[in-house]
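J.:
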Amino acid sequence: MSGLSAAIRLSHFGFKTLVLERHYRPGGLNSFYKMGGYDLDVGLHAMTNYVNGGPKSAPLNMVCRQLRLSLPEIKLAPQNYSKIVFPGKTITFDNNFDNLAQHVAEGFPAQADNFIKLANIVREFNIMDYSREYVSGREVVSSIITDPLLVEMLFLPLMYYGSSEEDDMEFGQFVVMFRSIFLEGFARPEGGVRRLIKQLVRRIKDGDGKIRLKSGVAKVVMDKGEVRGVVLDDGEEIECGSVISSVGLPETASICPESDSNASPGKLSFMESINILKNRHDEIGEGASIVFFNKNKNFTYRNPDVPVDLDSGVICYPDNFHYEEPTVSGMIRITHMADHRFWLSADEAAYAENKKLWHKRSIDAVKNIAPDLGGDMVFTDVFTPKTIRDFTGHVNGTVYGSPDKMKTGRTPIDGLYVCGTDQGFLGIVGSMISGVMVANDVMKSIQG
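Residue numbering for the sequence shown follows the working numbering, starting at 60 and increasing by one per position.
As structure tokens, this is what we get:
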């Protein structure tokens, strides 16, 4: 998404722009495919940063204006509500922050004022200050919210939807995700992510930009410390003066060693199953859009020592959004943290067998949180860290990239930029903002 957005912005202003995509479809981690007669999304549970109208400065409104996208054409359907479920405690939230504040006050009355204080700090925080030093999100939040359980519950959705760091988040990243999920909210495009991707591709072509699929980049060509072009996987050479890489910092260093990146490869990845049921969710007793769950008092967010960590996860019900026309997919997506070492080292036979085994264990693990899915499934597909690695090239099959971010998007190499997760903006809206910001910087550099 970040690369597509950068291309749109550049092509709008007359820059000759080419998008090179290794996959056979655009979109990167957020893409789509068809299997078993079903239209399926990759990556998308819901878009964050949803605002119903809202100020022009709201991230979603701002990026749509910059990319000349039509929000009505994307047809965003807001969530019903979502839940954070821990043993003995549940917090419900929707796209109205006041409702979340009320639920926190009811469940944690001694923390009501502290929670409002935290929200005000988040609102006032300057996320564009790239000079700030690393500060632990857990340390800051725990200094304000004094009930450890509430701290754990707040971090669960924010980490699952946007942390590349084990067991913590840089406070600025916490702010970004808190705003995106709690102060703004969730929505889904009607028809899934393909509706948004098709709009992005159309905008690139409207601006005379070009997209080439199945065209991975093997090398960035350098001359006297400046970018001169790229070499594709098939050996073709393309000359250019600027390259914007959306593959990640460690991955960019692998195709351009001169970039001298010390970014650590990410460790965090997931296993997710897409399950199609005979009936809609509301017919089997679930009205929530997304359920974030943790089975223990403490939330562990790290590369697990087992193939799949079944103690926490996310259950997404794509039917449970306020669409103009009700959907009939009966889809449930279940996501857990997964050990990339196990999945990337398994041989073909063991890999296939373990996907079946851990899918069954996942279904069993959520049976007290989700409706019983046992005899209701008519179709399932499962992806793992290996799937992500194979289709994106991300080291270790990571989703949120390296824990080391390059917030300005500028590398030490003249003409080489990074956008996307390793610039520090996550989620679909964040990725599009990243692409716009880096494209604007490229234009300033070229125009002097």
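Even for Gly, the Cβ is constructed at its ideal location relative to N, Cα and C.
With a threshold of 16 other CB atoms inside 10 Å of the CB of A178, please say whether the residue is buried or exposed.
T.: In the sequence shown, residue 178 corresponds to position 119, counting from 1. It counts as buried.
J.: Compare the beta carbon distance of S301 and I335 with 8 Å and say whether it is the shorter of the two.
T.: Along the sequence shown, read from residue 1 onward, the residue named residue 301 stands at position 242. Along the sequence shown, read from residue 1 onward, the residue named residue 335 stands at position 276. For S301 and I335, no; Cβs fall outside 8 Å.
J.: How many angstroms separate the CA atom of S129 from the CA atom of S70?
T.: Counted from its first residue, the sequence shown places residue 129 at position 70. Counted from its first residue, the sequence shown places residue 70 at position 11. Going from the Cα of S129 to the Cα of S70 covers about 18 Å.
J.: Please name the residue, chosen from V181, P207 and I263, that lies closest to F167 on a Cα-to-Cα basis.
T.: By one-based count along the sequence shown, residue 167 stands at place 108. Across the set V181, P207 and I263, the C-alpha of P207 shows the shortest separation from the C-alpha of F167.
J.: Per DSSP, which residues does N334 bridge with? Please list them.
T.: Taking the first residue of the sequence shown as position 1, residue 334 is located at position 275. In the DSSP output, where bridge partners are listed per residue, N334 has I391 and T439.
J.: For the stretch 271-318, which segments carrying the beta strand (DSSP E) assignment without a break, of at least 3 residues, lie completely within its bounds, in sequence order?
T.: 276-282, 285-291, 296-298 and 302-304
J.: So, under 8 Å CB-CB, G268 and A66 are touching, yes? Tell me the CB distance rounded to an integer number of Å.
T.: Position 209 of the sequence shown holds residue 268. Position 7 of the sequence shown holds residue 66. G268 to A66, Cβ: 5 Å. Contact.
J.: Compare the Cα-Cα distances from A405 to each of V163, K445, E383 and D431 and report the closest residue.
T.: Counting from 1 along the sequence shown, the entry for residue 405 is found at position 346. For A405, the nearest C-alpha among the options comes from K445.
J.: Which stretch, first to last residue, makes up the alpha helix (DSSP H) that contains A498?
T.: Working through the sequence shown from its first residue, we reach residue 498 at position 439. Counting along the chain, the alpha helix (DSSP H) containing A498 begins and ends at G486 to Q506.
J.: Mark S493 as exposed unless 16 or more other C-beta atoms lie within 10 angstroms of its C-beta, in which case mark it buried.
T.: Sequence index remark: in the sequence shown, residue 493 carries index 434 (1-based). Under this definition S493 is a buried residue.
J.: Among the candidates G266, V122 and F74, whose CA atom is the shortest distance from the CA of N108?
T.: Walking along the sequence shown from the start, residue 108 turns up at place 49. The shortest C-alpha separation from N108 is found at V122.
J.: Going along the chain, which residues of its own chain have a beta-carbon closer than 7 Å to the beta-carbon of L119, five neighbours each way excluded?
T.: The residue given as residue 119 occupies position 60 in the sequence shown. Around L119: N108, Y109, V110 and V488.
J.: Short of 8 Å in beta carbon distance, which residues of its chain neighbour K466, apart from the five on each side in sequence? Order them along the chain.
T.: On the sequence shown, position 407 is the one that residue 466 refers to. So the qualifying residues of the chain are Y189, Q482 and G483.
J.: DSSP three-state call for A246: helix, strand or coil?
T.: Here residue 246 refers to the residue found at position 187 of the sequence shown. A246: strand per DSSP, three-state reduction.
J.: Using 10 angstroms around the beta-carbon of E383, count the other beta-carbons present and answer buried if the total reaches 16, otherwise exposed.
T.: In the sequence shown, residue 383 corresponds to position 324, counting from 1. With fewer than 16 other CB atoms across the displayed protein chains lying within 10 angstroms of its CB, E383 is exposed.
J.: Straight-line CA distance for V144 to S461?
T.: As a working note, residue 144 is residue 85 in the sequence shown. As a working note, residue 461 is residue 402 in the sequence shown. One C-alpha to the other measures close to 28 Å.
J.: State buried or exposed for Y83, treating a residue as buried only when at least 16 other CB atoms are found within 10 Å of its CB.
T.: Residue numbering aside, residue 83 sits at position 24 when the sequence shown is read from its first letter. Burial call: exposed.
J.: What is the DSSP secondary structure of E229, counted as helix, strand or coil?
T.: Within the sequence shown, residue 229 is the residue found at index 170, counting from 1. Three-state DSSP puts E229 in a strand.
J.: For the beta strand (DSSP E) holding T149, just list the boundary residues, first then last.
T.: Here the question's residue 149 lines up with position 90 in the sequence shown. Per DSSP, T149 belongs to the beta strand (DSSP E) from K148 to F152.
J.: Work out the CA separation of G468 and G275 for me, nearest whole Å.
T.: Taking the first residue of the sequence shown as position 1, residue 275 is located at position 216. Taking the first residue of the sequence shown as position 1, residue 468 is located at position 409. Distance between the alpha carbons of G275 and G468: 21 Å.
J.: Locate the beta strand (DSSP E) running through P131, then write down its first and last residues.
T.: As a first step, residue 131 is located in the sequence shown; it is residue number 72 there, counting from the start. No beta strand (DSSP E) holds P131; the alpha helix (DSSP H) holding it covers L130 to I133.
J.: From Y360 to T76, what does the alpha carbon distance come to, in whole angstroms?
T.: Reading the sequence shown from its first residue, position 301 is the one you call residue 360. Reading the sequence shown from its first residue, position 17 is the one you call residue 76. Roughly 39 Å between the two C-alpha positions.
J.: Give every residue of the same chain whose Cβ lies closer than 8 Å to the Cβ of L242, excluding the five residues on either side of it in the sequence, and list them in chain order.
T.: For this step, residue 242 is matched to residue 183 along the sequence shown. Within the same chain, L242 has close Cβ partners F156, A178, V181 and R182.
J.: First and last residue of the alpha helix (DSSP H) that includes L209?
T.: Numbered from 1 along the sequence shown, position 150 holds the residue referred to as residue 209. Counting along the chain, the alpha helix (DSSP H) containing L209 begins and ends at P207 to Y219.
J.: As a quick exercise: from E229, R253 and F214, pick the residue whose alpha carbon is nearest that of R191.
T.: Here residue 191 is taken as the residue at index 132 of the sequence shown, counted from 1. When only C-alpha atoms are compared, the closest one is E229.
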